Amino acid sequence: MGVKISRRDFLKGAVAGAAGIAVTGLTGCASASETEAPSSANVPETTPAATNAPESVTPGATEETVQQTGEAEAADRVAMKPGVYVGEGRGFDWIEPVRVKITVDEEKLLSVDVIELELNREEPVIQQAAVDLMIPRMIESQSVSVDAITGATGVSSGIKLATRDALAKALLAGGSSEQAIRFFEKAQEKVEKTVTLDYRIVVAGMGGAGTMAALSAAEQMTANGEPVSILALDTAGKYGGTAANAGEPFAVNPKRYSAAYNNGEDYCEPDSLWDHWINTFAKGDCKEELVRLFFDHSGDTIDWLQFDHNVHLHTAQKGFGECVWPVKYQYIYKSNAEEGHDYGDTVLGDRSTTVGQYYDRLVKDFTDLGGEYLLEATCYELTYDTAADRVTGLKARGADGVEYVVNADVVILAGGGFHGNPQMLEKYLKNDYFPLKSSRWRLWGMYQNKGQMLESAIAQGAATYNIGMVPCTHFKTTDQILTCYPTYYRDGLEERMQEQNCWSLNDVPLLMGIDTNSMQIGENGKRNYNEGGTFAFWQGGPVWYTIYGSDYLDELCEKGFAGDPGTYKSSTKVYGQGGYPNARPIPQVYEVLERAIEKGYVWKADTLEELAEKIGVPADVFTAEVEKYKGFCAGGVDEDFGKKDSLLSDRIQYGPYYAIKCVPTPYATLAALDIDTNINVLKTDGSVMNGLYACGNDSGGVLYSERDAYAQYGGVALGWAFTSGRLAGINAANYLETL
């Protein structure tokens, strides 16, 4: 039997431990190489490269208790020497481990503190979610096997591994056997309980779209003279989702912003942008009325955020590639603060921490109006009354096992798409124009975005629009990485997170893999795109291979990467460790690639035919493609894809030959449900699913085409999340007035 209690009494307790935690960066599962011992970071440049230290070693950490080996205890007994111990474990970051300090008595873990934050390179607010939510559970349950915090799984793993490392030291010092650690590895118990809650509006997701929807709905209900009755839920242990780690929202000419910072002049010429969007980019595949809605209301959204909710945004900048319209408004943080702008009491630090403040403000404004939220609760089923033809609520499941039945007149879907669900990727992505259908797409975003509510809505008659299009792809990396060589710090701070710059031999295969001068082929054995094109690499699907001959490796041995001495060839943020110095010979390059071969993401062969066999592509197709590309390099003209002459390099002159496996790393899927200009979800017959709205990446396909990539205007996905979320909230509150 379900238990029905006062929603406010319940949430007052349930949310208390989660309130105030905002997401300001990305997380997710580590790469397949996470079991490799961590590299020894913070090594002076003069230190020779070496293999990793054992994971139990804690560079730079000082234990406050000297460990002493006592008499061995029986395996069924816990005996620790009381005191303070330090441990470390690999988290999301590949350069520095997470370090913790624990306090224990003879039998119990008393406290856990994350230490040496000046070295720790985890994103601060993501880490704070794990600290605030997971550590108390570890202490309460006396276990390092509690569930990771969704949305902070990488750093959660690091904290648990570091705590286990420290506990092992305490047990050893107390004379326990090594097997005694199992007493601190108890699985987390789940609660068997159902709670029923009643609201007027429920928002499924608290990323950018959901946060805007919840806040604007609360404002509109207040304006309508109605008591605010809104519940927002999110799977993660923090709000903000992918949106808090994105760069900037798209908008067309915000009036109040222009008046304050541009003498009232427009930033963008909208007619030419409209023409380009409709005729050149979307080619008639988008829903023009939704693009027009976006154009007409995105500026108001920027003004609403900037002036009504103290979310600071940078003056309009141009997009990517050939997009010349100033339409992207970056989040303001320390590195891009502008003169002449008043930031009030905002503390401008790294982007993660600063953007976290913005989401804290938005959620506070929501709760001040009477809105409520529940974190670590996964929405998984839409309830829809087919007889009455209207939404009746949803079902959700808490991380602790509690089942929630939420009755509501309106459901707003804002789950961030479905890229965290391999089965949905295989089911919905299409191969009509590009080889997209696959469950193997690597994600550089939120793995909790699994699309359960989308599947539930589709099962109950919701229509989709452009759901098979390519995900939002800006980044690329190798399939795996090395961590066996030291990482060296160098001068300067990384712009986004204000962390010290670094470099490592570990990045050499990655830098070679993503090099735009080199030939890249897909799983069909062919070149599929211009390797030097802006964000073009997705066109080959979820995997590609970069091809080299030993001629280029010999060049790297002698000269290193091309570039001026004192500069660096930068690696991608995705699993990169800072890059490698230009013009610095790499005599270890063959050794490094052998390490990568052992890891399984580089292949070596004496002939091109043998290389084709090893990577599983048709040998005749592959060898013909290599010869054709070599001809393009010799003639200076890429007849297939128009790659610039300056980027055409023949690096496949003699063997042995190498192939480096690389992957695109999208933020999220972009498209899902079909909607109308009220942000209402439509059925397959074109009628409205009453009371159901979908915003952000749960409906973004209305803006795009399945024949092309994510738009390069700048910040379109985030801009749509903000604007469609704000409009969904307003429309949902007004819909209640009709019931």
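Convert by adding 624 to the 1-based position in the sequence shown; the result is the number in this note's numbering.
Just so it is clear, CB atoms sit at the ideal spot from N, CA and C, and this is done for glycine as well.
Please read all numbers here as calculations on a predicted model, not as lab measurements.
#1: Please confirm whether threonine 1289 and valine 1029 have their CB atoms less than 8 Å apart.
#2: Under 8 Å between the Cβ atoms of glycine 711 and alanine 804?
#3: Inspect the CB distances between the segment 971-979 and the segment 907-918 and report whether three or more fall short of 8 Å.
#4: Taking the alpha helix (DSSP H) that aspartate 976 belongs to, which residues open and close that run?
#5: With DSSP collapsed to three states, give me the class of asparagine 1304.
#6: How close, in whole Å, do the beta carbons of glutamate 1000 and threonine 835 come, if the pair is a contact with beta carbons under 8 Å?
#7: Given a threshold of 16 other Cβ atoms within 10 Å of its Cβ, counted over all protein chains shown, does asparagine 1055 qualify as buried or as exposed?
#8: What's the C-alpha gap between tyrosine 1278 and aspartate 1175?
#9: At 4 residues or longer, what runs of the alpha helix (DSSP H) sit wholly inside the segment 1242-1304?
#10: Residues bridged to valine 736 by DSSP?
#11: Taking the straight line between their C-alpha atoms, what separation do you get for leucine 1327 and lysine 784?
#12: Would alanine 772 pass as a contact of serine 781 if the rule is Cβ separation under 8 Å?
#13: By Cβ distance below 6 Å, which residues in the same chain neighbour glycine 1353 in space, the five residues on each side in sequence not counted?
#14: Going by C-alpha distance, which of Arg1021, Met758, Ser1329 is nearest serine 735?
#15: Looking at asparagine 1125: is its Cβ nearer than 8 Å to the Cβ of leucine 1117?
#16: Please classify phenylalanine 931 as buried or exposed, where buried requires at least 16 other C-beta atoms within 10 Å of its C-beta.
#17: Can you name, in chain order, every residue of its own chain whose Cβ lies under 7 Å from the Cβ of valine 1026, other than the five neighbours on each side?
#18: Is the beta carbon of glutamine 751 less than 8 Å from the beta carbon of valine 768?
#19: Do cysteine 1319 and alanine 875 have their C-beta atoms within less than 8 Å of each other?
#20: Using a 10 Å radius around the Cβ and a threshold of 16 neighbouring Cβ atoms, would you call phenylalanine 1042 buried or exposed?
#21: Leaving out the 5 sequence neighbours to the left and right, which residues in its chain are closer than 8 Å to valine 770 when beta-carbon positions are compared?
#22: Kindly give me the distance between the Cβ atoms of tryptophan 1127 and proline 1205, rounded to whole angstroms, as I take these residues to be in contact under 8 Å.
#23: Kindly indicate which three-state DSSP category lysine 879 falls into: helix, strand or coil?
#24: DSSP three-state call for cysteine 1181: helix, strand or coil?
#25: Just verifying my parser: in three-state terms, what is the DSSP assignment at methionine 1077?
#26: Determine which residues share a DSSP beta bridge with leucine 1327 and list them.
#27: Per DSSP, what kind of secondary structure is tyrosine 1204 in: helix, strand or coil?
#28: Going by alpha carbons, who is nearest to glutamate 1263 out of Arg1151, Glu872, Val1241?
#29: Using only the alpha-carbon positions, how far apart do aspartate 989 and histidine 933 sit?
#30: Measuring alpha carbon to alpha carbon, tell me which residue in Val755, Asp789, Gly1202 is nearest arginine 714.
#31: By Cβ distance, which residues of its chain are closer than 7 Å to glutamate 658, with the 5 residues on each side in sequence left out?
#32: Roughly how many angstroms lie between the CA atoms of leucine 998 and leucine 986, to the nearest whole one?
#33: Three-state secondary structure (DSSP) at asparagine 1125?
#34: Alpha carbon to alpha carbon, how far is alanine 1243 from leucine 1235?
#35: Can you grab the Cα-Cα spacing for the pair methionine 1313 / threonine 1347, in whole Å?
#36: List the endpoints of the continuous alpha helix (DSSP H) containing methionine 1048.
Answer, in terms of the structure:
#1: Here the question's residue 1289 lines up with position 665 in the sequence shown. Here the question's residue 1029 lines up with position 405 in the sequence shown. No, these two residues do not count as a Cβ contact at 8 Å.
#2: On the sequence shown, position 87 is the one that residue 711 refers to. On the sequence shown, position 180 is the one that residue 804 refers to. For glycine 711 and alanine 804, no; Cβs fall outside 8 Å.
#3: no
#4: Here the question's residue 976 lines up with position 352 in the sequence shown. Reading off the sequence shown, one finds serine at residue 976, where the question assumed aspartate. That run of the alpha helix (DSSP H) goes 975-992.
#5: Taking the sequence shown and counting its residues from 1, one reaches residue 1304 at position 680. The answer is strand: DSSP assigns asparagine 1304 an E or B state.
#6: Your numbering for residue 1000 matches position 376 in the sequence shown. Your numbering for residue 835 matches position 211 in the sequence shown. Incorrect: roughly 16 Å between the Cβ atoms, too far for contact.
#7: Walking along the sequence shown from the start, residue 1055 turns up at place 431. Exposed, by the Cβ-count rule.
#8: By 1-based counting over the sequence shown, the position of residue 1278 is 654. By 1-based counting over the sequence shown, the position of residue 1175 is 551. Those two C-alpha atoms are separated by around 6 Å.
#9: 1243-1259
#10: Position 112 of the sequence shown, counted from the first residue, corresponds to residue 736. Answer by DSSP bridge pairing, in chain order: Ile726.
#11: Taking the sequence shown and counting its residues from 1, the one referred to as residue 1327 is at position 703. Taking the sequence shown and counting its residues from 1, the one referred to as residue 784 is at position 160. Near 42 Å, if we compare the C-alpha coordinates of lysine 784 and leucine 1327.
#12: Taking the sequence shown and counting its residues from 1, one reaches residue 772 at position 148. Taking the sequence shown and counting its residues from 1, one reaches residue 781 at position 157. Closer than 8 Å, so yes.
#13: Start at 1 with the first residue of the sequence shown, and residue 1353 comes out as number 729. Closer than 6 Å at the Cβ level, and outside the excluded window around glycine 1353, lie Ala837, Ser840, Ala841.
#14: Within the sequence shown, numbered from 1, the residue matching residue 735 stands at position 111. When only C-alpha atoms are compared, the closest one is Met758.
#15: Reading the sequence shown from its first residue, position 501 is the one you call residue 1125. Reading the sequence shown from its first residue, position 493 is the one you call residue 1117. Cβ distance < 8 Å, so asparagine 1125 and leucine 1117 count as in contact.
#16: Your numbering for residue 931 matches position 307 in the sequence shown. Phenylalanine 931 is exposed by the Cβ-count criterion.
#17: Numbered from its first residue, the sequence shown carries residue 1026 at position 402. Excluding residues within five positions, the ones whose Cβ falls inside 7 Å are Val815, Lys817, Val819.
#18: Taking the sequence shown and counting its residues from 1, the one referred to as residue 751 is at position 127. Taking the sequence shown and counting its residues from 1, the one referred to as residue 768 is at position 144. No; because the gap between Cβ atoms is not below 8 Å, this pair is not in contact.
#19: Walking along the sequence shown from the start, residue 1319 turns up at place 695. Walking along the sequence shown from the start, residue 875 turns up at place 251. No, Cβ-Cβ distance for cysteine 1319 and alanine 875 is not below 8 Å.
#20: By 1-based counting over the sequence shown, the position of residue 1042 is 418. Label assigned to phenylalanine 1042: buried.
#21: In the sequence shown, counting from the first residue as 1, residue 770 sits at position 146. Cβ neighbours of valine 770 beyond the five flanking positions: Met758, Arg761, Met762, Lys784, Gln812.
#22: Position 503 of the sequence shown, counting from 1, holds the residue named residue 1127. Position 581 of the sequence shown, counting from 1, holds the residue named residue 1205. Contact between tryptophan 1127 and proline 1205 holds: their C-beta atoms lie close to 6 Å from each other, under 8 Å.
#23: Position 255 of the sequence shown, counting from 1, holds the residue named residue 879. The answer is helix: DSSP assigns lysine 879 an H, G or I state.
#24: Mapped onto the sequence shown, residue 1181 falls at position 557. Helix, per DSSP.
#25: Taking the first residue of the sequence shown as position 1, residue 1077 is located at position 453. Helix at methionine 1077.
#26: Position 703 of the sequence shown holds residue 1327. Answer is none; leucine 1327 lacks a bridge partner.
#27: One-based indexing of the sequence shown puts residue 1204 at position 580. The DSSP-derived three-state label of tyrosine 1204 is strand.
#28: For the purposes of this step, residue 1263 is taken as the residue at position 639 of the sequence shown. Considering only alpha carbons, the answer is Arg1151.
#29: Stepping through the sequence shown from its first residue, residue 989 is reached at position 365. Stepping through the sequence shown from its first residue, residue 933 is reached at position 309. Computed Cα separation, rounded: 8 Å.
#30: On the sequence shown, residue 714 is found 90 positions in, with the first residue counted as 1. The candidate whose alpha carbon is nearest that of arginine 714 is Asp789.
#31: Start at 1 with the first residue of the sequence shown, and residue 658 comes out as number 34. At glutamate 658 the pLDDT is 28, less than 50, meaning the model places this residue with poor confidence and gives no usable figure here.
#32: On the sequence shown, residue 998 is found 374 positions in, with the first residue counted as 1. On the sequence shown, residue 986 is found 362 positions in, with the first residue counted as 1. Approximately 15 Å, taken between the alpha carbons.
#33: On the sequence shown, residue 1125 is found 501 positions in, with the first residue counted as 1. Here asparagine 1125 sits in strand by DSSP.
#34: Here residue 1243 refers to the residue found at position 619 when the sequence shown is read from its first residue. Here residue 1235 refers to the residue found at position 611 when the sequence shown is read from its first residue. When rounded, the separation of the alpha-carbon atoms in alanine 1243 and leucine 1235 is 8 Å.
#35: As a working mapping, residue 1313 is identified with position 689 in the sequence shown. As a working mapping, residue 1347 is identified with position 723 in the sequence shown. The straight-line gap from Cα to Cα measures roughly 21 Å.
#36: The count along the sequence shown starts at 1 and reaches residue 1048 at position 424. Start and end: 1046-1052.
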